[in-house]
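K.L.:
The structure is given below, and queries will be raised subsequently.
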Amino acid sequence: MTPQPSPQAGAAVKAADRAHVFHSWSAQELIDPLAVAGAEGSYFWDYEGRRYLDFSSGLVYTNIGYQHPKVVAAIQEQAARLTTFAPAFAVEARSEAARLIAERTPGDLDKIFFTNGGADAVEHALRVARLHTGRPKVLAAYRSYHGGTQQAVNVTGDPRRWASDSGTAGVVHFWAPFLYRSRFYAETEEQECARALEHLETTIAFEGPGTIAAIILETVPGTAGIMMPPAGYLAGVREICDKYGIVFVLDEVMAGFGRTGTWFAADLYGVVPDLMTFAKGVNSGYVPLGGVAISAAIAATFAERPYPGGLTYSGHPLACAAAVATINVMAEEGVVEHAARLGGEVLEPALRELAERHRSVGEVRGTGMFWALELVRNRETREPLVPYNATGQAAAPMSAFAASAKAHGLWPFVNMNRTHVVPPCNVSEAELKEGLAALDTALSVADEYTE
Ligand code: PLP
Numbered sequence: 001m002t003p004q005p006s007p008q009a010g011a012a013v014k015a016a017d018r019a020h021v022f023h024s025w026s027a028q029e030l031i032d033p034l035a036v037a038g039a040e041g042s043y044f045w046d047y048e049g050r051r052y053l054d055f056s057s058g059l060v061y062t063n064i065g066y067q068h069p070k071v072v073a074a075i076q077e078q079a080a081r082l083t084t085f086a087p088a089f090a091v092e093a094r095s096e097a098a099r100l101i102a103e104r105t106p107g108d109l110d111k112i113f114f115t116n117g118g119a120d121a122v123e124h125a126l127r128v129a130r131l132h133t134g135r136p137k138v139l140a141a142y143r144s145y146h147g148g149t150q151q152a153v154n155v156t157g158d159p160r161r162w163a164s165d166s167g168t169a170g171v172v173h174f175w176a177p178f179l180y181r182s183r184f185y186a187e188t189e190e191q192e193c194a195r196a197l198e199h200l201e202t203t204i205a206f207e208g209p210g211t212i213a214a215i216i217l218e219t220v221p222g223t224a225g226i227m228m229p230p231a232g233y234l235a236g237v238r239e240i241c242d243k244y245g246i247v248f249v250l251d252e253v254m255a256g257f258g259r260t261g262t263w264f265a266a267d268l269y270g271v272v273p274d275l276m277t278f279a280k281g282v283n284s285g286y287v288p289l290g291g292v293a294i295s296a297a298i299a300a301t302f303a304e305r306p307y308p309g310g311l312t313y314s315g316h317p318l319a320c321a322a323a324v325a326t327i328n329v330m331a332e333e334g335v336v337e338h339a340a341r342l343g344g345e346v347l348e349p350a351l352r353e354l355a356e357r358h359r360s361v362g363e364v365r366g367t368g369m370f371w372a373l374e375l376v377r378n379r380e381t382r383e384p385l386v387p388y389n390a391t392g393q394a395a396a397p398m399s400a401f402a403a404s405a406k407a408h409g410l411w412p413f414v415n416m417n418r419t420h421v422v423p424p425c426n427v428s429e430a431e432l433k434e435g436l437a438a439l440d441t442a443l444s445v446a447d448e449y450t451e
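With the UniProt record's numbering, the residue at position 13 of the sequence shown is 13, and numbering never jumps.
If you want it as structure tokens, here you go:
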């Protein structure tokens with residue numbers, strides 16, 4: 001039964017949480033999680049009756065917002081018909097989800113291995129690449145996030161790896177393009193692209209091309225700062241992979257399923273990887289689901305040789321029914337086109353205008369419903385508003401910024417010295433403008449910490 005949204009009910013939820021829930025990425029006694037009573041569309045609310053416009057889409061996954069009635073109904077129908085069935089069987093929801101996903105993935109990425117989320121998709125993509133090539137190493141980018149499980153966190157290029165890294169052999173990091181913080185080496189996107197490709201190829205030469213199974217990249221690095229790769233970079237990586245027989249893995253867990261105003265971010269660049277990981281937006285996160293889309297050539301490796309890996313809940317019918325309904329909603333309601341149009345016509349100009357008025361904004365970057373504002377103490381030196389530190393915890397300027405946003409009914413995504421503007425892909429224009437007004441006020445608070 002849905003709990004009554006009263007402060008007393010909220011206090012009971014909170015007390016049980018504090019007593020028994022061990023939270024991700026947190027010092028357990030230093031956190032104060034909000035008790036959420038409900039959510040719908042682009043909003044959620046607490047037990048005190050406060051509503052928040054969710055500019056974080058949960059963890060950048062509610063691409064069609066909360067509680068879409070068609071997806072909720074599809075989950076209910078599937079639950080009534082066949083709640084679960086083991087992965088070795090052909091089940092309608094599973095095969096239909098795989099068909100709809102394969103129809104949209106680029107090139108011949110037509111075989112879908114289902115997982116429970118993004119990190120295990122990365123685990124399996126890297127295992128597939130190592131088995132396909134018979135090579136041990138994986139190259140991954142600094143300033144990236146690929147998940148919290150063993151292999152995924154070891155390829156991750158953000159401070160969370162430092163604490164949980166077991167020093168897995170065979171993972172080598174490199175510097176992907178990021179002009180804003182690469183200015184001592186490059187002044188233009190073209191130069192930064194050339195620098196990054198040359199650096200990657202040199203890294204490969206020094207590691208030994210015959211030892212490298214895969215290069216894994218987020219098509220557009222998300223958690224680490226929404227850095228749009230310069231034109232030609234991903235095509236250049238594709239060429240390098242072809243030259244050395246390296247498997248090219250694009251991680252689209254965050255960037256996929258409409259976030260960038262295309263079905264996949266790879267579509268923006270016309271690049272086809274050999275393996276593509278997805279999760280989050282595939283079913284707006286209503287039931288845990290992720291997966292790896294596999295090219296025909298790599299799938300052929302396992303035509304007569306078993307793939308040594310699997311999960312009890314791989315392609316869970318409830319999750320797959322949610323994916324089928326979500327993809328159909330996105331297609332019927334033109335969500336991808338909406339994200340592209342609203343992103344280009346409303347969000348981008350508004351964010352650029354905010355950047356002109358607020359001296360705390362060092363850079364605006366992104367596309368579709370996938371934007372980051374890099375907040376700085378000083379625009380000239382580009383010193384981050386919060387110095388990069390080992391924990392990634394928001395220090396005073398960013399927490400003051402976030403508190404102001406929340407006080408004005410906006411739930412922001414804050415990571416280090418950045419706020420990401422990542423509302424649901426079907427957010428309305430009016431909602432977007434409401435959130436931008438609160439963001440404007442919160443940026444005035446951030447401005448107070450600049451010099
Ligand atoms: N890959 C990318 C690009 C992500 O953004 C994330 C999560 O944010 C993951 C992998 C891990 O996904 P999950 O948290 O579902 O394991």
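Where a beta carbon is used, it is the ideal one built from N, C-alpha and C, also for glycine.
Please read these numbers as outputs of a predicted model, since none were measured by experiment.
So, with DSSP's three-state summary, where would you put ILE64?
P.N.:
In the structure shown, ILE64 sits in coil (DSSP, three-state: anything other than H, G, I, E or B).
K.L.:
Contact defined as beta carbons within less than 8 Å: I believe ASN417 pairs with LEU375. What is the distance between those atoms, to the nearest angstrom?
P.N.:
Between LEU375 and ASN417 the Cβ distance is about 5 Å, and since that is below 8 Å, they are a contact.
K.L.:
Does the Cβ of ASP54 lie closer than 6 Å to at least one heavy atom of the ligand PLP?
P.N.:
Because no heavy atom of the ligand PLP lies under 6 Å away, the Cβ of ASP54 does not count as near it: no.
K.L.:
Say the cut is 6 Å; is the CB of THR203 nearer than that to a heavy atom of the ligand PLP?
P.N.:
Not under cutoff, so the answer is no.
K.L.:
Count the other CB atoms, across all protein chains shown, that sit within 10 Å of the CB of LYS243; report buried if there are 16 or more and exposed otherwise.
P.N.:
It counts as exposed.
K.L.:
The alpha helix (DSSP H) with VAL324 in it runs from where to where?
P.N.:
Unbroken alpha helix (DSSP H) run through VAL324: 317–332.
K.L.:
For my contact list, GLU198 and PRO230 are in at a C-beta cut-off of 8 Å; report their separation, rounded to the angstrom.
P.N.:
With 8 Å as the limit, GLU198 and PRO230 do not qualify as a contact, their Cβ atoms being about 13 Å apart.
K.L.:
What is the DSSP secondary structure of LEU179, counted as helix, strand or coil?
P.N.:
Of the three classes helix, strand and coil, the one that applies to LEU179 here is helix, per DSSP.
K.L.:
Can you give me the C-alpha to C-alpha distance between VAL36 and PHE44, rounded to a whole angstrom?
P.N.:
Their Cα atoms are separated by approximately 7 Å.
K.L.:
In its own chain, which residues sit with a C-beta less than 7 Å from the C-beta of ILE273, not counting the 5 before and 5 after it?
P.N.:
Looking at the sequence itself, residue 273 is Pro, so the reference to Ile does not match. Closer than 7 Å at the Cβ level, and outside the excluded window around PRO273, lie PHE248, VAL249, LEU250 and ALA266.
K.L.:
With a Cβ-Cβ cutoff of 7 Å, do GLY256 and GLY281 count as a contact?
P.N.:
Result yes, Cβ atoms of GLY256 and GLY281 sit closer than 7 Å.
K.L.:
In the DSSP assignment, find the unbroken beta strand (DSSP E) run with ARG195 in it and report its ends.
P.N.:
ARG195 -> not in any beta strand (DSSP E); alpha helix (DSSP H) instead, spanning 189–207.
K.L.:
Here's a check: name, in chain order, each residue in its chain whose Cβ is nearer than 7 Å to the Cβ of GLY310, leaving out the five neighbours to either side.
P.N.:
Only PRO87 meet the Cβ criterion.
K.L.:
Using a Cβ-based criterion (distance less than 6 Å to any ligand heavy atom), does THR62 qualify as near the ligand PLP?
P.N.:
Result no, Cβ not under 6 Å from the ligand PLP.
K.L.:
For GLN8, is the classification buried or exposed, using 16 other Cβ atoms within 10 angstroms of its Cβ as the cut-off for buried?
P.N.:
Its Cβ having fewer than 16 others within 10 Å, GLN8 is exposed.
K.L.:
By a C-beta neighbour count over all protein chains shown, 10 Å radius and 16 as the cutoff for buried, is ASP32 buried or exposed?
P.N.:
So ASP32 counts as exposed.
K.L.:
Excluding the 5 residues flanking ALA93 on each side, which residues of the same chain have their C-beta closer than 7 Å to its C-beta?
P.N.:
Cβ neighbours of ALA93 beyond the five flanking positions: GLN78, PRO317, CYS320, ALA321 and VAL324.
K.L.:
Look up ASN116 in the DSSP assignment and say whether it is helix, strand or coil.
P.N.:
Coil, per DSSP.
K.L.:
Using 7 Å as the threshold, is the C-beta distance between ALA121 and ILE112 below it?
P.N.:
The answer is no: Cβ separation not under 7 Å.
K.L.:
Please list the terminal residues of the continuous alpha helix (DSSP H) segment that includes MET398.
P.N.:
Its alpha helix (DSSP H) spans residues 396–407.
K.L.:
Among VAL346, LEU217, ALA355 and VAL21, which residue has its Cα nearest to the Cα of TYR142?
P.N.:
Here the closest residue by C-alpha is LEU217.
K.L.:
At which residue ranges does the segment 24–82 contain complete alpha helix (DSSP H) runs of 4 or more residues, listed in the order of the chain?
P.N.:
Counting only runs of 4 or more, we get 57–60 and 69–81.
K.L.:
Can you list the beta strand (DSSP E) stretches of 3 or more residues lying completely in the segment 250–305, in chain order?
P.N.:
Listed in chain order, they are 275–278 and 290–295.
K.L.:
When DSSP labels each residue in this structure, what does THR367 get in the three-state scheme?
P.N.:
Strand.
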